[in-house]
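Undergrad: According to our numbering, the sequence shown is numbered sequentially starting from 5.
C-beta atoms are modelled at their ideal positions from N, C-alpha and C, and glycine is treated no differently.
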Amino acid sequence: MRLIERVWFEQHQAKFWLLPLLAPFSLVFYLITMLRRWLYRCGVFGSATLDVPVIVVGNISVGGNGKTPMVLWLIEQCQQLGLTPGVISRGYGGNATHTPLRLSALTDAQTAGDEPVMIFRRTGVPVVVGAERVASGQMLCNLGCDIIIADDGLQHYRLARDLELAVVDSKRQFGNGLLLPMGPLREALWRLNTVDFVIANGDVHSPFNSPKSPLLIMQLTVKALINCVTGECQTLAWFLQNHPTVNAMAGIGAPSRFFSMLEQLNFSLQQTHAFVDHHAFQAEDLAQFSNQIPLLMTEKDAVKCQTIATQHCWYVAVDAEFTESDSQQMMNKINHITQLTTAKLSKH
């Protein structure tokens, strides 16, 4: 974990000299973000509305919070409702020269970013990346998508949205509760009161400052363990019986969460290595681990290791789960926004 993240989330002693130095920058950040939001609310900056409902899945803090599993869950739920979803993303970490870019089977993580490629390969739904999300959304509309899910983009007010979901890591929550760069927050905690749902990733042991928005609990469960080279798929029970001791690596926002999950599943971790989020893996990163026991990684990391992985590399595929009550709340809301959009279009 980088020093600044230890200051944000672990009350590292460096906070006594580092935070005062960063205070002026946080003040500027606060003023800019508040002015920008006010300009959108007053209509000085315009928000573009698409002809189909838009669901934004985002967060108010930096780092991994569990947005991607939430997006995958929403895709499945929308399909069960008979909808044709598509996904837009900024494509962070990618170097696409032309956007908006629609992903294909040949698109790699270096071009489009790891999360969009993972979503496309897992679901097969249309995925478009680009900094201008309105143009990306319009491309999906032209492709026949009747509902759009924005992976991240809670602060991208240029795109009007019908449903806002803020995902929060139940364990790390908001760190020291300060705005960037003094803390991990992109927007202040009051923003949680304006979204449609707050999605807690994991059991909540302490409240999120009593948000006014409904709080839904998301649990991540292991779907399968899949070999990065052969595609062999094994259940958790089989893996624990045959390979109870493993190595693990993660290049996500909160690597410790991945390692803790493996330990809670009763794996014995021989060696672990945490990389920064969106790390561009090289062969030497994998070579530090013994090839005598399996090396486990996240599904997001696996898309970047496709050309360098060996047969002892496996990724852990996880699914989001909700209680029946929480799931029904979300489904009712999705039904509501689709009906509103249909009614609006019929008037024109």
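Based on Cα-Cα distance, which residue from T88, S30, Q114 lies nearest to P57?
TA: The residue given as residue 57 occupies position 53 in the sequence shown. Sorting T88, S30, Q114 by C-alpha distance to the C-alpha of P57 places T88 at the top.
Undergrad: Which same chain residues end up closer than 6 Å to Q274 when comparing Cβ atoms and leaving out the 5 residues on each side of it in sequence?
TA: On the sequence shown, position 270 is the one that residue 274 refers to. T249, N251.
Undergrad: Considering only the alpha carbon of each residue, which of R190, L189, A170, R261 lies closest to L220?
TA: Counting from 1 along the sequence shown, the entry for residue 220 is found at position 216. Ranking R190, L189, A170, R261 by Cα distance to L220 puts A170 first.
Undergrad: Hey, which unbroken runs of the beta strand (DSSP E) at 3 residues or more fall wholly within the stretch 119-150?
TA: Entirely contained in the stretch 119-150, the beta strand (DSSP E) runs reaching 3 residues are, in chain order, 131-133.
Undergrad: What are the start and end residues of the beta strand (DSSP E) that includes T249?
TA: The residue labelled residue 249 in the question sits at position 245 within the sequence shown. Counting along the chain, the beta strand (DSSP E) containing T249 begins and ends at 249-254.
Undergrad: Does the distance from the CB of L196 to the CB of P211 come in under 8 Å?
TA: In the sequence shown, residue 196 corresponds to position 192, counting from 1. In the sequence shown, residue 211 corresponds to position 207, counting from 1. No, the Cβ-Cβ distance between L196 and P211 is not below 8 Å.
Undergrad: Which same chain residues, not among the five before or five after H2, have their C-beta less than 6 Å away from its C-beta?
TA: Past the boundaries of the shown model lies residue 2; the chain is included only from 5 to 352, so the question cannot be answered.
Undergrad: Should T327 go down as buried or exposed, given a rule of 16 or more other Cβ atoms within 10 Å for buried?
TA: As a position in the sequence shown, residue 327 is number 323, starting the count at 1. Exposed, because fewer than 16 other Cβ atoms sit within 10 Å of the Cβ of T327.
Undergrad: Specify the secondary structure class of I341 as computed by DSSP and reduced to three states.
TA: Position 337 of the sequence shown, counting from 1, holds the residue named residue 341. The answer is helix: DSSP assigns I341 an H, G or I state.
Undergrad: Use the C-beta contact count for E303: other C-beta atoms within 10 angstroms, 16 or more gives buried, fewer gives exposed.
TA: Along the sequence shown, one-based indexing puts residue 303 at 299. Label assigned to E303: buried.
Undergrad: Could you tell me which residues DSSP puts in a beta bridge with Y319?
TA: Working through the sequence shown from its first residue, we reach residue 319 at position 315. Its beta-bridge partners are I230, M301.
Undergrad: Got a sec, what are the start and stop residues for the beta strand (DSSP E) D173 sits in?
TA: Residue 173 sits at position 169 when you count from the first residue of the sequence shown. First-last of the beta strand (DSSP E) with D173: 167-173.
Undergrad: Count the other CB atoms, across all protein chains shown, that sit within 10 Å of the CB of D55; report buried if there are 16 or more and exposed otherwise.
TA: Looking up residue 55 in the sequence shown gives position 51. Per the 10 Å Cβ criterion, exposed.
Undergrad: Are the beta-carbon atoms of G257 and H283 separated by less than 8 Å?
TA: Position 253 of the sequence shown, counting from 1, holds the residue named residue 257. Position 279 of the sequence shown, counting from 1, holds the residue named residue 283. Taking 8 Å as the Cβ cut-off, G257 and H283 do not qualify as a contacting pair.
Undergrad: If you check the beta carbons only, do N205 and D156 fall under 8 Å apart?
TA: Residue numbering aside, residue 205 sits at position 201 when the sequence shown is read from its first letter. Residue numbering aside, residue 156 sits at position 152 when the sequence shown is read from its first letter. No; because the gap between Cβ atoms is not below 8 Å, this pair is not in contact.
Undergrad: Can you tell me whether Q275 is helix, strand or coil according to DSSP?
TA: To locate residue 275, count along the sequence shown from 1; it is residue 271. In the structure shown, Q275 sits in a strand (DSSP, three-state: E or B).
Undergrad: Note down the Cα distance separating C237 from L244, rounded to an integer number of angstroms.
TA: If you number the sequence shown from 1, residue 237 lands on position 233. If you number the sequence shown from 1, residue 244 lands on position 240. Cα-Cα distance, rounded: 14 Å.
Undergrad: Any idea what DSSP makes of F293, helix, strand or coil?
TA: As a working note, residue 293 is residue 289 in the sequence shown. The DSSP-derived three-state label of F293 is coil.
Undergrad: Pair every Cβ in the stretch 226-242 with every Cβ in the stretch 329-344, then say whether three or more of these pairs are closer than 8 Å.
TA: no
Undergrad: Who are the Cβ neighbours of V280 in its own chain at under 8 Å, not counting the five residues just before and after it?
TA: Against the sequence shown, residue 280 aligns to sequence position 276. Excluding residues within five positions, the ones whose Cβ falls inside 8 Å are R6, G255.
Undergrad: Is it true that the CB of P130 sits closer than 8 Å to the CB of L105?
TA: Mapped onto the sequence shown, residue 105 falls at position 101. Mapped onto the sequence shown, residue 130 falls at position 126. No; because the gap between Cβ atoms is not below 8 Å, this pair is not in contact.
Undergrad: Label K351 either buried or exposed according to how many other C-beta atoms from any shown protein chain fall within 10 Å of its C-beta, with 16 as the threshold for buried.
TA: Translated into positions along the sequence shown, residue 351 becomes position 347. It is exposed - the Cβ of K351 has fewer than 16 other Cβ atoms within 10 Å.
Undergrad: Do F201 and S65 have their CB atoms nearer than 8 Å?
TA: The residue given as residue 201 occupies position 197 in the sequence shown. The residue given as residue 65 occupies position 61 in the sequence shown. No, Cβ-Cβ distance for F201 and S65 is not below 8 Å.
Undergrad: Would you identify the three-state DSSP class for C46, choosing helix, strand or coil?
TA: The residue labelled residue 46 in the question sits at position 42 within the sequence shown. Correct three-state label for C46: coil.
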